[in-house]
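*Asks:* When you number the sequence shown by the numbering used here, it's gap-free, plus one each residue, and the end is 273.
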Amino acid sequence: MKKTGTQDEAGGDMPRAEVQPVPAQVGPEGRTRHEVARLLLEQGPMTAVVVAEQLGISAAAVRRHLDALLADGEAETRDAPRRGPRGRGRPAKNFLLTEAGRARFGHAYDDLASSAIRFLAEHAGEDAVKAFAEARVASLVGPHQDAITKHTDPAARAEALAAALTREGYAASTRQVGVGEQLCQHHCPVAHVAAEFPQLCEAETEAFAELLGTHVQRLATIARGDNACTTHVPVISAGHPATPGPGSTAPSPGRTARIPNGGKPA
8 MKKTGTQDEA
18 GGDMPRAEVQ
28 PVPAQVGPEG
38 RTRHEVARLL
48 LEQGPMTAVV
58 VAEQLGISAA
68 AVRRHLDALL
78 ADGEAETRDA
88 PRRGPRGRGR
98 PAKNFLLTEA
108 GRARFGHAYD
118 DLASSAIRFL
128 AEHAGEDAVK
138 AFAEARVASL
148 VGPHQDAITK
158 HTDPAARAEA
168 LAAALTREGY
178 AASTRQVGVG
188 EQLCQHHCPV
198 AHVAAEFPQL
208 CEAETEAFAE
218 LLGTHVQRLA
228 TIARGDNACT
238 THVPVISAGH
248 PATPGPGSTA
258 PSPGRTARIP
268 NGGKPA
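1. Which residues in the same chain as proline 52 place their Cβ atom closer than 7 Å to its Cβ, once the five residues preceding and following it in sequence are excluded?
2. DSSP three-state label for alanine 257, please.
3. Given glutamate 175, which residues of its chain have a CB within under 7 Å of its CB, disregarding the five upstream and five downstream residues?
4. Do valine 223 and alanine 230 have their C-beta atoms closer together than 8 Å?
5. Can you tell me which of the three DSSP states aspartate 160 falls into?
6. For leucine 218 versus arginine 143, is the C-beta distance shorter than 8 Å?
7. Identify the continuous beta strand (DSSP E) that holds phenylalanine 102 and give its terminal residues.
8. Starting from the C-beta of cysteine 191, find all residues in its chain whose C-beta is less than 6 Å away, skip the five residues before and the five after it, and write them out in chain order.
9. Leaving aside the five residues before and after valine 58 along the sequence, list all residues of the same chain whose C-beta is less than 8 Å from its C-beta, in chain order.
10. In or out: glutamate 166 buried (at least 16 other Cβ within 10 Å) or exposed?
11. CB alanine 87 to CB alanine 99, shorter than 8 Å?
12. Take histidine 151 and list the residues in its own chain whose beta-carbon comes closer than 7 Å to its own, dropping the five residues that flank it on each side.
13. State buried or exposed for aspartate 233, treating a residue as buried only when at least 16 other CB atoms are found within 10 Å of its CB.
14. Of the choices Ala227, Ala82, Val200, whose alpha-carbon is the least far from that of threonine 212?
15. If we ignore side chains and look at the alpha-carbon of each, how far apart do histidine 193 and threonine 105 end up?
Structure follows, in structure tokens:
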């Protein structure tokens, strides 16, 4: 029989934790997988057999959903504790959710971050918020500074910056537009917080200008509702093309440098 809550040590039912319900548009397969994940969230770690008993479905069906969660990085396994003499066959595995698996139920990280910065602004002033934003972006791009600034051409630096941002989860790319390059960030992990605190975007733009060695202009941001954060990087000044340094390559017309979404360092 399907249980409706967890049990405390005295054997009484405890109310189920409030979690985000599965979206209505998800099909039966997705709803079952969500229920498997919910059970791991509330009662895990647990074996596939226990999950099947709790949900009242076949062990084969449960294993199919658990395999999918494992493949997606939403669950992981560990050896289940042994009770009594070890029998034949492989030891039982307990399944539990990873951080990625917990994310399907939502979290309040954005609210927490906004509250923390709001508190900082109220008690330490706007200068403290600005200093925090600058420190944050420095920690973001600082590890990639040498890889970016080794190029002397702004276009080449922009491409290297896009690669660095992609490694940090921003899914960035560059393309040549008119007399310059456009650096596009197709994802922003802090967009909801930046909507309230534009200092995050301003500090990012200033850091980009310093890294690229040229004035840049922010044209659009996800925080303001645009599809991407777009930054214009001029590579031609006062009607004269930028002079490439030794070993650098000037951008050719129509060049588009695409960095794969979610790329990781080799």
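Where a beta carbon is used, it is the ideal one built from N, C-alpha and C, also for glycine. What you are looking at is a predicted structure, and each value in this text was computed from that prediction instead of being measured.
*Replies:* Let's see:
1. Within the same chain, proline 52 has close Cβ partners Arg85, Asn101, Phe102, Leu103.
2. Confidence in alanine 257 is poor, its pLDDT being 36 and thus under 50, which makes the residue's placement unreliable; the coordinate value appears in the next sentence. DSSP places alanine 257 in coil when its eight states are reduced to three.
3. Leu147
4. No; because the gap between Cβ atoms is not below 8 Å, this pair is not in contact.
5. coil
6. no
7. 100-104
8. Ser180, Ala235, Thr237
9. Val43, Leu46, Leu47, Val69, Leu73, Phe102
10. buried
11. yes
12. Ala171
13. Looking at its Cβ environment, which holds fewer than 16 other Cβ atoms inside 10 Å, aspartate 233 is exposed.
14. Ala227
15. 25 Å
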